[in-house]
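Going down the list, the protein sequences come from chains A and B. Using numbering that gives the first Met the number 0, the letters of the first sequence map in sequence onto residues 0 to 139. Using numbering that gives the first Met the number 0, the letters of the second sequence map in sequence onto residues 0 to 139. Each residue gets a CB set at the ideal place from its N, CA and C atoms; glycine is no exception. Predicted, not measured: the structure shown is a model, and the values here were computed from it.
There are 2 protein chains.
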Amino acid sequence: MNAPVSSPALTKNQTLVFDVLDRSEAPMSAYTILDKLRDHGFRAPLQVYRALDKLTEFGMVHRLESLNAFVACAHRESSCCGAGHGHGTVAFAICESCSQVMEFHDHAVDHRLGDWAKSKGFKPSKTTIEIRGLCQTCAA
Amino acid sequence: MNAPVSSPALTKNQTLVFDVLDRSEAPMSAYTILDKLRDHGFRAPLQVYRALDKLTEFGMVHRLESLNAFVACAHRESSCCGAGHGHGTVAFAICESCSQVMEFHDHAVDHRLGDWAKSKGFKPSKTTIEIRGLCQTCAA
DNA sequence: GCAATTGATGTAATAACATTACATTTCAAA
DNA sequence: TTTGAAATGTAATGTTATTACATCAATTGC
Ligand SMILES: [Zn+2]
Ligand SMILES: [Zn+2]
Ligand SMILES: [Zn+2]
Ligand SMILES: [Zn+2]
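Laid out in structure tokens, this is it:
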């Protein structure tokens, strides 16, 4: 269940993609990332998708399913469930006005969904929790 | 916050789309629905997307973000949070082997996420909870 | 009855997101 | 130094969703 994964040294493409995402305020689509990296020799979507796959596997990047977009992990150092990037289920609050994304982990929610799964004999592999709405600033 | 919505009589296209989804065991993409409805005069994706938009608005259909697909609501009559289809946040467990989808509502999860939002001044408009994994049968 | 408005529909074209297939390169282990 | 695994480059294609515009149908106000 979302076992921590080691994150080896990144390849050149992985580093480029991660740096773009990490410097971005907002989530980015694969194609937006591609455009940002044309200057660095990127020519095709697959170069981005391959890097994103690995970064996601390493837990350094998350895919926002409701946006078809990606963010660098903001769940940095350790936490309650697993160390470093090897976190358990994480949730996102996504502002539909300014695109800001807040990443958080809620133990109670995680356990509650885990209990539900157990009660149904369901074996979770990945859980998505995304709250769309307005951040404090934009709601004011 | 996810206020109940009245569901007026459906139009012809809405009825066709809903019936296809309602009879399906598994979630369907808009294009799969389109193919099922060619015989009934459907020719273009927009006919499906427009119907899906309305059905979603009525709470009769849900979009599964992690699948880019749609299911008929299985949350039928009333429930704790709002009557009929006008439900609060709902969660889905999606079997990656047999495609079966279980729709459920968990009060505790809903309130916990609501509390988090309140504590951050975040105003939720829509919350997505999707658990991918293996159903009891497929996990055996 | 007959505009005027509104919502639904039909159709084509295009945009946005993602994968398959195959050739080539890199690099560390044997 | 062979060789095998992982990464990369490139093109083509597949899948999902929207924009733009024309037409049609039901309702409302006159
Ligand atoms: Zn994270
Ligand atoms: Zn905001
Ligand atoms: Zn439902
Ligand atoms: Zn199953």
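Extent of the continuous beta strand (DSSP E) to which residue i belongs
{"i": "B:His61", "result": "Val60 to Leu63"}
{"i": "B:Thr127", "result": "Lys122 to Leu133"}
Neighbour flag for residue i against chain A, beta carbons, 7 Å
{"i": "B:Leu133", "result": "yes"}
{"i": "B:Ala108", "result": "Sequence inspection shows Val at residue 108 of chain B; the Ala mentioned does not correspond to that position. By this cut-off, B:Val108 is an interface position."}
{"i": "B:Ile93", "result": "no"}
{"i": "B:Ile130", "result": "yes"}
{"i": "B:Ala82", "result": "Low local confidence applies: a pLDDT of 40 at B:Ala82 is under 50, so the model's placement there is unreliable, and no value is given."}
Residue i: contacting residues in chain B (beta-carbon distance under 7 Å)
{"i": "A:Ser65", "result": "Glu64 and Thr127"}
Chain B residues whose Cβ lies nearer than 8 Å to that of residue i
{"i": "A:Phe103", "result": "Trp115"}
Under 9 Å by beta carbon: chain A residues contacting residue i
{"i": "B:Ala138", "result": "Gly120, Phe121 and Lys122"}
Beta-carbon neighbours of residue i, restricted to chain A and to distances below 7 Å
{"i": "B:Arg42", "result": "Within 7 Å Cβ-Cβ: nothing; B:Arg42 doesn't reach chain A, min ~26 Å."}
Residue i: contacting residues in chain A (beta-carbon distance under 8 Å)
{"i": "B:Leu112", "result": "Ala90, Asp105, Val108, Ile128 and Ile130"}
In DSSP terms, what residue i is bridged to
{"i": "A:Val100", "result": "A:Ile93"}
{"i": "B:Phe69", "result": "B:Met27 and B:Arg62"}
Range covered by the alpha helix (DSSP H) that runs through residue i
{"i": "B:His74", "result": "No alpha helix (DSSP H) contains B:His74, which DSSP labels as neither H nor E."}
{"i": "A:Gly87", "result": "Counting along the chain, A:Gly87 falls outside any alpha helix (DSSP H), and DSSP gives it neither H nor E."}
{"i": "B:Gly113", "result": "His106 to Lys119"}
{"i": "B:Asp52", "result": "Pro44 to Glu56"}
{"i": "B:Thr14", "result": "Lys11 to Arg22"}
CB contact check: residue i to chain B, cutoff 7 Å
{"i": "A:Leu15", "result": "no"}
**OP:** List in chain order the residues whose CB is within less than 7 Å of at least one heavy atom of ligand 4.
**Re:** Those residues that bring their Cβ nearer than 7 Å to a heavy atom of ligand 4 are B:Cys94, B:Ser96, B:Cys97, B:Gln99, B:Leu133, B:Cys134, B:Thr136 and B:Cys137.
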